[in-house]
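Novice: If you read the sequence shown in our numbering, its first letter stands for residue 3, the second for the next number, and so on.
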Amino acid sequence: MRFTLPRDLYHGKGSLEELKNLKGKKAIVVVGGGSMKRFGFLERAESYLKEAGMEVKLFEGVEPDPSVETVMKGAEAMREFEPDWIVAMGGGSPIDAAKAMWAFYEYPNTTFEDLITPFNFPELRQKAKFCAIPSTSGTATEVTAFSVITDYQKGIKYPLADFNITPDVAIVDPDLAETMPQKLTAHTGMDAMTHAIEAYVSTLNCDYTDPLALHAIQMIHTFLKKSYDGDMEARDRMHNAQCLAGMAFSNALLGIVHSMAHKTGAAFSGGHIIHGCANAMYLPKVIKFNSKNEVAAERYANIARFLGLKGSNTAELVDALIAELRHMNDELNIPQGIKNYGEGGLKADQSIIDEKEFLEKLPEVAKNAIGDACTGSNPRIPTQEEMEKLLKACYYDTEIDF
3 MRFTLPRDLY HGKGSLEELK NLKGKKAIVV VGGGSMKRFG FLERAESYLK EAGMEVKLFE
63 GVEPDPSVET VMKGAEAMRE FEPDWIVAMG GGSPIDAAKA MWAFYEYPNT TFEDLITPFN
123 FPELRQKAKF CAIPSTSGTA TEVTAFSVIT DYQKGIKYPL ADFNITPDVA IVDPDLAETM
183 PQKLTAHTGM DAMTHAIEAY VSTLNCDYTD PLALHAIQMI HTFLKKSYDG DMEARDRMHN
243 AQCLAGMAFS NALLGIVHSM AHKTGAAFSG GHIIHGCANA MYLPKVIKFN SKNEVAAERY
303 ANIARFLGLK GSNTAELVDA LIAELRHMND ELNIPQGIKN YGEGGLKADQ SIIDEKEFLE
363 KLPEVAKNAI GDACTGSNPR IPTQEEMEKL LKACYYDTEI DF
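(1) The alpha helix (DSSP H) spanning Met-74 covers which residue range?
(2) Measure from the alpha carbon of Thr-205 to the alpha carbon of each residue in Asn-295, Tyr-284 and Ser-139, then state which is nearest.
(3) Run the CB neighbour count on Met-283, radius 10 Å, all protein chains shown included, and call it buried at 16 or more, exposed below.
(4) For Arg-328 and Ala-317, what's the separation of their Cα atoms in angstroms?
(5) Do you know how far the Cα of Ala-375 is from the Cα of Ser-149?
(6) Would you kindly work out how many angstroms separate the C-alpha atoms of His-217 and Thr-190, rounded to a whole number?
(7) Sorted by chain position, which residues of the same chain lie with C-beta nearer than 7 Å to His-13's C-beta, five sequence neighbours on each side aside?
(8) Three or more C-beta pairs under 8 Å: does that hold for the region 273-289 against the region 219-236?
(9) Are the region 46-61 and the region 79-86 touching, with three or more C-beta to C-beta distances below 8 Å?
(10) Going by the DSSP bridge assignment, what does Met-91 pair with across the sheet?
(11) Tell me, to the nearest whole angstrom, how far the beta carbon of Gly-76 is from that of Met-38; I am working on the premise that it is less than 8 Å.
(12) With distances taken between CB atoms, is the gap from Ala-47 to Leu-24 smaller than 7 Å?
(13) Would you report the Cα separation of Pro-365 and Gln-386, rounded to the nearest angstrom?
(14) If we call anything under 7 Å between Cβ atoms a contact, is Ser-293 one with Val-320?
(15) For Met-234, count neighbouring C-beta atoms within 10 Å of its own C-beta (all shown protein chains included) and say buried if the count is 16 or more, exposed if not.
(16) In terms of residues, what are the limits of the beta strand (DSSP E) holding Asp-10?
(17) Ignoring anything shorter than 3 residues, give me the beta strand (DSSP E) runs that lie fully in the region 155-217, in order along the chain.
(18) Any idea if Pro-405 is buried or exposed, counting beta-carbon neighbours within 10 angstroms, 16 or more meaning buried?
(19) Following the continuous beta strand (DSSP E) through Ile-151, name the residue where it begins and the one where it ends.
(20) Going by alpha carbons, who is nearest to Val-89 out of Phe-5, Ala-172 and Gly-257?
(21) Can you tell me the Cβ-Cβ gap for Ile-305 and Tyr-202, rounded? I've got them flagged as a contact below 8 Å.
(22) On a CA-only basis, which of Leu-246, Glu-19 and Met-103 is nearest Thr-211? Give me that one, please.
(23) Taking the C-alpha atoms as reference points, what is the distance between Phe-308 and Cys-208?
(24) So what does DSSP say about Glu-357, is it helix, strand or coil?
(25) Are there 16 or more other CB atoms within 10 angstroms of the CB of Gly-34, so buried, or fewer, so exposed?
(26) Could you tell me which residues DSSP puts in a beta bridge with Ile-30?
(27) Check whether the Cβ atoms of Ile-336 and Pro-286 sit closer than 7 Å, and answer yes or no.
(28) Would you identify the three-state DSSP class for Lys-39, choosing helix, strand or coil?
(29) Going by DSSP in three states, Tyr-107 sits in which element: helix, strand or coil?
(30) Apart from the five residues just before and just after Ile-383, which ones in its own chain have a Cβ nearer than 7 Å to its Cβ?
(31) Would you report the Cα separation of Thr-112 and Thr-146, rounded to the nearest angstrom?
(32) Which residue or residues does DSSP assign as beta-bridge partners of Lys-52?
(33) Are the beta-carbon atoms of Ile-167 and Gly-273 separated by less than 7 Å?
(34) Could you say which of Lys-227, Ile-158, Leu-214 and Phe-251 lies nearest to Asp-164 if we only look at CA atoms?
(35) Let me know the secondary structure DSSP gives Lys-129 once reduced to three states.
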């Protein structure tokens with residue numbers, strides 16, 4: 003088994019300044035829609051890199067759920083500029099996009115199809131090293147071997163996986179996370195919770211990932227609601243918690259909550275199902291489904307005990323964990339089912355995802371979810387029929403009894 007993390011991880015307020023100490027000639031900074039610029043972090047990053055003696059180029063405007071096209075454009079910009087550092091800052095999207103750009107920068111002849119096969123990347127670091135600086139407390143892409151890119155033509159999100167794309171340097175500066183809007187705080191927080199719980203029950207969990215997963219679960223349980231309510235000390239702790247969850251899942255991998263979130267995210271014409279919100283809605287259902295597996299049930303019960311939840315046997319503890327996660331969703335204004343999924347992932351009387359379209363696409367979405375890279379490490383592998391039933395239960399928010 004393998005356990006991989008960035009070589010250096012700088013954390014704590016003001017750690018952005020570590021950019022001054024990077025050694026190189028040229029750095030390209032990849033960012034998203036503008037919040038890093040608005041809050042002055044981009045300018046600070048640029049000046050620190052210049053202090054390090056580097057020429058700096060910006061690649062701005064990476065969209066949420068980055069597309070194959072954006073990745074190709076960024077790789078093209080890198081080939082022209084020839085940086086020896088790629089610095090990606092912002093939410094999961096610019097960092098994920100930059101990881102994929104990195105591969106195409108170093109290997110211009112590789113194809114997207116080549117990279118979709120898990121753990122099939124060519125040897126990186128031929129031309130550049132990678133530094134990731136997250137501004138949201140959720141994806142933990144700054145410490146993981148993963149990147150998610152969307153093919154809008156096909157309406158599919160591809161998780162790319164390879165230890166090669168684990169960044170060299172991660173800068174986990176909570177100052178950046180303090181700028182998150184409330185809704186983003188909720189969604190990214192439940193994304194992190196899902197990472198930690200899925201890593202703990204994954205078939206690839208081990209002694210190295212378990213402590214990280216459990217501690218992250220406990221921290222998120224303690225600090226997410228406070229962070230959502232605007233307590234900045236709690237927000238800072240959440241930034242650490244999501245990173246610990248990332249260390250766990252990058253090495254233990256995930257499960258079908260993520261498979262389902264990846265394959266429902268961009269599948270419907272009514273709009274996007276926000277990733278963290280999808281995870282929050284699907285997680286309680288998947289726990290119930292997976293708990294038919296005795297080993298998984300015992301692990302869920304262990305999480306419940308760790309959080310001090312009450313139950314006199316394994317089944318009661320599993321149900322207590324499910325109830326607690328549903329309670330967290332309620333506190334964070336996250337719907338419990340797709341039928342109440344409104345604009346921006348908030349609770350609503352009516353869903354932006356049309357019921358008829360959902361049911362029409364159900365067999366195909368279920369098939370894609372089973373084929374997702376995250377399914378292999380789930381403790382219970384669903385059949386096509388079971389996956390369809392699971393997704394339906396996630397739409398209508400109904401009990402899982404199979």
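C-beta atoms are modelled at their ideal positions from N, C-alpha and C, and glycine is treated no differently.
Specialist: Judging by the given coordinates:
(1) In the DSSP annotation of this structure, the continuous segment of the alpha helix (DSSP H) that includes Met-74 starts and ends at 70-83.
(2) Looking at the Cα atoms, Asn-295 is the closest of the given residues.
(3) Buried is the call here.
(4) Taking the straight line from one Cα to the other gives about 17 Å.
(5) Their Cα atoms are separated by approximately 12 Å.
(6) Answer to the nearest angstrom: the Cα atoms are 17 Å apart.
(7) Result list for His-13: Val-174 and Asn-242, in chain order.
(8) Contact fails: fewer than three Cβ-Cβ distances are below 8 Å.
(9) Counting C-beta pairs closer than 8 Å gives three or more between the region 46-61 and the region 79-86, which meets the contact rule.
(10) Residue pairing by DSSP places Met-91 opposite Ile-135 in a beta bridge.
(11) Here Gly-76 is actually not in contact with Met-38; their C-beta atoms are around 16 Å apart, not less than 8 Å.
(12) No, the pair does not count as a contact, with Cβ atoms beyond the cut-off.
(13) In a straight line, the C-alpha of Pro-365 is about 8 Å away from that of Gln-386.
(14) Yes, they are a contact pair.
(15) A residue is called buried once 16 or more other Cβ atoms fall within 10 Å of its Cβ, and Met-234, having fewer, is exposed.
(16) Run containing Asp-10: 10-13, per the beta strand (DSSP E) assignment.
(17) Within the region 155-217, the complete beta strand (DSSP E) runs of at least 3 residues are 158-163 and 171-174.
(18) The structure shown does not extend to residue 405, since the chain is modelled only from 3 to 404, so the question has no answer here.
(19) Start and end: 148-153.
(20) Taking only the C-alpha atoms, the option nearest Val-89 is Ala-172.
(21) In this structure Ile-305 touches Tyr-202 by the C-beta definition: roughly 6 Å separates them, less than 8 Å.
(22) Between Thr-211 and the set Leu-246, Glu-19 and Met-103, the nearest pair of CA atoms involves Leu-246.
(23) Each residue's Cα considered, the two are about 17 Å apart.
(24) The answer is helix: DSSP assigns Glu-357 an H, G or I state.
(25) Gly-34 should be labelled buried.
(26) Paired residue(s): Lys-59 and Ile-88.
(27) No, the Cβ-Cβ distance between Ile-336 and Pro-286 is not below 7 Å.
(28) Here Lys-39 carries a helix assignment [DSSP, helix/strand/coil].
(29) The answer is helix: DSSP assigns Tyr-107 an H, G or I state.
(30) Around Ile-383: Thr-377.
(31) Straight-line measurement puts the Cα of Thr-146 at about 22 Å from the Cα of Thr-112.
(32) Partner(s): none; Lys-52 has no beta bridge.
(33) No, these two residues do not count as a Cβ contact at 7 Å.
(34) Comparing Cα positions, the closest option is Phe-251.
(35) Coil.
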